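Undergrad: The structure under discussion is supplied below as C-alpha cells; questions concerning it will follow.
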Amino acid sequence: MDIQTEIKEELKKILTDLKCAVTDQDIILTASNNRDHGDYASNIALRKAKMLGLKPIELANKMAGMFKLDGVDKVEPAMPGFLNFFVKQDELGSIIKVIVDKNEHYGDLDLGKGKKVDIEYVSANPTGVLHLGHARGAALGDCIARLYKKAGYEVTREYYINDAGNQITNLGNSLICRYLELFNVKRDLPEDGYHGEEIIELAKKLKNEVGDKYVSDPDSHLDFFKKYGSNFLMDNIKKDLHEFRVDQDVYSSEKAIRDRGEVEKVLTLLKPNCYEKDGALFLNTTKDGDDKDRVLVKSDGAYTYLLPDIAYHNDKFNRGFDLLIDLFGADHHGYVTRLKSAEKDLGHDPEKLTVSLVQMVRLFKDGEEFKMSKRTGNAISMKELIDEVGVDAARYFFVSRSSNSHLDFDINLAKTLGSENPVYYAQYTHARLCGIIKNGAAFYPINYKADLLVSESEKNLLISLKDFSNVIKVACQENEPYKITNYVHSLAQSINEFYTKCRVLDDANVELSKERLGLVEACRTVLANALDLIAVSAPDHMVSLDKEEASKEA
RNA sequence: GCCCUCGUAGCUCAGCUGGAUAGAGCAUCUGACUUCGAAUCAGGGGGUCAAGAGUUCGAAUCUCUUCGAGGGCACCA
C-alpha cells in the first residue's frame, strides 16, 4: 500500500472512531502545491465539521492529534481547517527503487482486473481519405486504449466500416464516372458524388488492372465498383493510420452484419417497442428521453442508418465486454440517446456504453486559419498534416485538450524546435536525462536511495513521480488523455528546474551524485512511460539545432 | 423554438463530487551561458472567472435568469 492510501485509511479510521459516517470518495488527498502545506493535504475536516457540530479548525486539530502513521513525520492543521501531511524522507524516496525495478511497467494498475473493454474509434466510411477530425479521433482513441491497457483492462480496438449504405453506392457510381472518363466517355458525377482526387487515382489503377473490360456496361457491375473502391480506400486508411501509430484489432463490416441477418434479428426483438406510421416503422425512443421517436425502416422498405448500427452495438454487447466506448464526431451527439434507448430495449445495460464526443479541429498557420490544401484544393487530410508536422507533434497536439472542447492546432508551434513547443520540450528533457546517465558512468553503481535528496526541487520531483499512477487512474476514468500531456509537461518542468538547481555529477560529492543519478533514472523512466501512453517517441538524443539549420540551407 | 457543448489573462486552455493567494502554455518585458545539452532556468506585468440573483462559514465550481459563441434538431449517413 502506498503512502497516500495509508494516509486516507488512517483518516477514515479516525472519523469512524469519531462516529462520523465516511466513504472512500469523501476523502480527498492532494499533492500540495506549496511546501509550507507539506507534501499532501486534505480538506476532509472542512467537509465533515458540520456533521459533527464542530468548527472545521477544531475538527482538524482533533484529527491531527489522533493521527498516527509510520511514514508520516508530522500532521499540521491549518486555517480554515486543512490537514497538511509531511511525509518522511525515506518514505518519499522509496519510490525511486520502485520505479527503477518496475521500469516500463511502472504505472501499471489493476483497475481493470482482467475486465474487457472495447474501444471503437475513427470508423470513417471508406469513401475517401482521413481528415483532421478523424485524426483527432484516432489519436484520442488510441491513447484511451493505451490508458485502459495500462490500467489492467483487456482492450479491443475496433473500427466499424460502413460499407453497405448509400455512401458506398455513391462511391461506386463516382468511380464509374472517373473510370469512363479515362476512355473519354462523359458522364456527370452523381449529385452527392465524391470529388476527391483519390477517386481519380483509383480509376487509373483500375484501368491498369482491367483495361476497358467494364466500359460497355459498367452499371450492371456496380457491385464490383463498390467493392473495388471501398476495399482500396479502406486499405489506404489503414496504411495512413499505421503511419500515425494507430493499429486496430477488429474491423467490423456493416455489410457482414447485414449478410448474417443480424439486422432482422434485432428488428424482431425491437418489434414490441415499435409502431407503424405513414408506412414507416418507428422505434419508441422518447420513453428514454429522446426528442422524438426514430424511424428504423423507411416507407420504401430500406433501413435507416440507425438500425444496422443498433445491430452492430447489439453484437458488441453480445461479445461480452464489460465496457464499450465509442468515439463519435461531435455532430453525432443527438444520436447517443436513441442508440442507448434501443440497446436498453434489447436487454443491455446502457450504462456500459460510454460515448465520447470529439469536437472539431481548426488548423492555424502564420496566425490564420487555413482549411484548404494548396496542392489538392480540398480539406487538409491527416496524411498531409503528418507529413507537415511529424507524427510526434500531431499525436501530442491532438490529445492535449479535452476531447469535448474545440481544438486549435497551431502548425507553426508544432514545427518549432524549441521549448515553446511542448513536444520538443518533453523530448529534449528526456534526451537530457539520457545524456546525464551516459556521462555518469564513473559514478556507478547508482544508489537508489534518497536520503540526501532533500531540496525543494528534489522533493517536488519525488512527489510528481509518485503521482503518475493517480494521473493514469483519473485519465482513464474520465477518458481524457489530455491529463497525460499535462502531466508530461509539468514533470518535464520539474525535471528542468531540478537540473538547473542541482548539479547531478559532482566529483566533490560522490555520494550525492550517486543518489541523484538514481533520481535521474527514475525521472527518465516515468517520462518515457508517460510519453508512451500518448505514443510520442522518447529519444535519447536530439538532432542538434546546427545540423538542422545546416540541412535547411543545403 | 427545443436539445447538446461552451463562455476563466492579449491568444489557446486547465481548474468544476464547493475550500488555502484562480493556474498552465503561447505572446510580451527583465535577468542568467569558461560547468552534466541555454532546444534551459529565474522573475515581472497582465483577471469585476460573460452579466445578474440565489443557496452558506465559504462559489470559477451548485441552482435560476439573461446575454453571447459553436454544433445538432431527416423516412441522410
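40 is the number of the first residue of the first sequence in the working numbering; add one for each residue after it.
Glycine included, every Cβ here is placed at the ideal spot set by N, Cα and C.
Please read all numbers here as calculations on a predicted model, not as lab measurements.
1. If contacts are defined as beta-carbon pairs under 8 Å, then residue 199 and residue 269 qualify, I think. What distance do you get, rounded to the angstrom?
2. Give the straight-line distance between the Cα atoms of residue 417 and residue 516, rounded to the nearest whole angstrom.
3. Across which residues does DSSP place residue 200 in a beta bridge pair?
4. Which residues in the same chain have their Cβ closer than 6 Å to the Cβ of residue 314, if we skip the five residues on either side of it in sequence?
5. So which of 87, 342, 385 and 178 has the shortest CA-CA distance to residue 519?
6. Identify which residue in 272, 67 and 371 has its Cα closest to the Cα of residue 82.
7. Do you know offhand how far residue 41's Cα is from residue 304's?
8. Should the segment 126-142 be called in touch with the segment 83-93, which here means at least 3 C-beta pairs below 8 Å?
9. Using only the alpha-carbon positions, how far apart do residue 333 and residue 376 sit?
10. Name the DSSP bridge partner or partners of residue 116?
11. Identify the residues that DSSP records as bridge partners of residue 81: which are they?
12. Under the rule that 16 or more other beta-carbon atoms within 10 Å means buried, what is residue 43, buried or exposed?
13. By the 10 Å Cβ neighbour count, where 16 or more other Cβ atoms means buried, how is residue 477 classified, buried or exposed?
14. Tell me, which residues are paired with residue 307 by DSSP?
15. On the CB-based measure, 16 or more other CB atoms within 10 Å of its CB, does residue 118 come out buried or exposed?
16. Would you grab the beta carbon distance between residue 448 and residue 544 for me? Rounded to a whole angstrom, and I think it's under 8 Å.
17. By DSSP's criteria, residue 448 is part of a beta bridge. Which residues make up the other side?
18. Please determine, among 107, 111, 51 and 48, the residue with the shortest C-alpha to C-alpha distance to residue 77.
19. Determine the burial state of residue 74: buried for a count of at least 16 other Cβ atoms within 10 Å of its Cβ, exposed for fewer.
20. What did DSSP end up calling residue 349 once you bin it into helix, strand or coil?
21. Please determine if the segment 215-222 and the segment 178-189 are in contact, where contact requires at least 3 C-beta pairs separated by less than 8 Å.
22. Skipping 5 residues on each side, what residues in its chain have a beta carbon closer than 6 Å to that of residue 101?
23. Who pairs with residue 442 in a beta bridge, going by DSSP?
24. Helix, strand or coil, according to DSSP, for residue 51 in the structure here?
25. Return the CA-CA distance between residue 32 and residue 211, expressed in angstroms with no decimal places.
26. State the Cα-Cα distance for the pair residue 502 and residue 244, rounded to the nearest angstrom.
27. Among the candidates 504, 479, 512 and 390, whose CA atom is the shortest distance from the CA of residue 546?
28. Could you round the C-beta distance between residue 296 and residue 202 to whole angstroms and report it? I think they count as a contact, below 8 Å.
29. So what does residue 44 bridge to, in DSSP terms?
30. Could you name the residues that DSSP lists as bridge partners for residue 313?
31. Find out if the Cβ-Cβ distance for the pair residue 133, residue 489 is shorter than 9 Å.
32. Are residue 566 and residue 492 touching if we call contact CB-CB under 9 Å?
33. For residue 257 and residue 215, I'd like the C-alpha separation in whole angstroms.
34. Tell me, which residues are paired with residue 420 by DSSP?
35. Pairing CB atoms from the segment 159-178 with CB atoms from the segment 258-265, are three or more of them under 8 Å?
36. Between 115, 152, 109 and 108, which lies nearest to residue 96 when the distance is taken from Cα to Cα?
TA: Here's the rundown:
1. Counting from one through the first sequence, the residue named residue 199 turns up at place 160. Counting from one through the first sequence, the residue named residue 269 turns up at place 230. Actually they do not touch by this definition, with Cβ atoms about 13 Å apart.
2. As a working mapping, residue 417 is identified with position 378 in the first sequence. As a working mapping, residue 516 is identified with position 477 in the first sequence. Linking residue 417 to residue 516 through their CA atoms gives a straight-line distance of about 38 Å.
3. On the first sequence, residue 200 is found 161 positions in, with the first residue counted as 1. Looking at the DSSP assignment, residue 200 forms a beta bridge with 292.
4. Here residue 314 corresponds to residue number 275 of the first sequence, with the count starting at 1. Contacts found: 321.
5. In the first sequence, counting from the first residue as 1, residue 519 sits at position 480. Taking only the C-alpha atoms, the option nearest residue 519 is 178.
6. As a first step, residue 82 must be located in the first sequence, where it is residue number 43. The candidate whose alpha carbon is nearest that of residue 82 is 67.
7. As a first step, residue 41 must be located in the first sequence, where it is residue number 2. As a first step, residue 304 must be located in the first sequence, where it is residue number 265. In a straight line, the C-alpha of residue 41 is about 51 Å away from that of residue 304.
8. Output reads no: the segment 83-93 does not touch the segment 126-142.
9. The residue given as residue 333 occupies position 294 in the first sequence. The residue given as residue 376 occupies position 337 in the first sequence. Roughly 11 Å separates the two Cα atoms.
10. By one-based count along the first sequence, residue 116 stands at place 77. Looking at the DSSP assignment, residue 116 forms a beta bridge with 122.
11. Within the first sequence, numbered from 1, the residue matching residue 81 stands at position 42. Residue 81 is bridged to 68 and 122.
12. Here the question's residue 43 lines up with position 4 in the first sequence. Buried is the call here.
13. Along the first sequence, read from residue 1 onward, the residue named residue 477 stands at position 438. Residue 477 should be labelled exposed.
14. On the first sequence, residue 307 is found 268 positions in, with the first residue counted as 1. Answer is none; residue 307 lacks a bridge partner.
15. Along the first sequence, one-based indexing puts residue 118 at 79. Exposed.
16. Walking along the first sequence from the start, residue 448 turns up at place 409. Walking along the first sequence from the start, residue 544 turns up at place 505. 40 Å between Cβ atoms; not a contact.
17. In the first sequence, residue 448 corresponds to position 409, counting from 1. Per DSSP, 402.
18. If you number the first sequence from 1, residue 77 lands on position 38. It is 111.
19. In the first sequence, counting from the first residue as 1, residue 74 sits at position 35. By the C-beta density criterion, residue 74 is exposed, having fewer than 16 other C-beta atoms within 10 angstroms.
20. As a first step, residue 349 must be located in the first sequence, where it is residue number 310. Reduced to three states, the DSSP call for residue 349 is helix.
21. no
22. Here the question's residue 101 lines up with position 62 in the first sequence. Hits under 6 Å: none found.
23. The sequence position of residue 442 within the first sequence is 403, counting from 1. Note: residue 442 sits in no beta bridge, so no partner.
24. Within the first sequence, numbered from 1, the residue matching residue 51 stands at position 12. Helix.
25. Outside the shown range of the chain, which is 40 to 593, sits residue 32, and nothing can be said about it.
26. Here residue 502 corresponds to residue number 463 of the first sequence, with the count starting at 1. Here residue 244 corresponds to residue number 205 of the first sequence, with the count starting at 1. CA-to-CA, the gap between residue 502 and residue 244 works out to about 58 Å.
27. The residue you call residue 546 lines up with position 507 of the first sequence. For the residues 504, 479, 512 and 390, the minimum Cα distance to residue 546 belongs to 479.
28. The residue given as residue 296 occupies position 257 in the first sequence. The residue given as residue 202 occupies position 163 in the first sequence. The Cβ separation is near 10 Å, so there is no contact.
29. For the purposes of this step, residue 44 is taken as the residue at position 5 of the first sequence. Looking at the DSSP output, residue 44 shares a beta bridge with no other residue.
30. Looking up residue 313 in the first sequence gives position 274. Paired residue(s): 322.
31. Taking the first sequence and counting its residues from 1, the one referred to as residue 133 is at position 94. Taking the first sequence and counting its residues from 1, the one referred to as residue 489 is at position 450. Yes, the Cβ-Cβ distance between residue 133 and residue 489 is below 9 Å.
32. Here residue 566 is taken as the residue at index 527 of the first sequence, counted from 1. Here residue 492 is taken as the residue at index 453 of the first sequence, counted from 1. Contact: no.
33. Position 218 of the first sequence, counting from 1, holds the residue named residue 257. Position 176 of the first sequence, counting from 1, holds the residue named residue 215. For residue 257 and residue 215, the distance between alpha carbons rounds to 7 Å.
34. Within the first sequence, the letter at position 381 stands for residue 420. Beta-bridge pairing links residue 420 to 170.
35. no
36. Here residue 96 corresponds to residue number 57 of the first sequence, with the count starting at 1. Ranking 115, 152, 109 and 108 by Cα distance to residue 96 puts 115 first.
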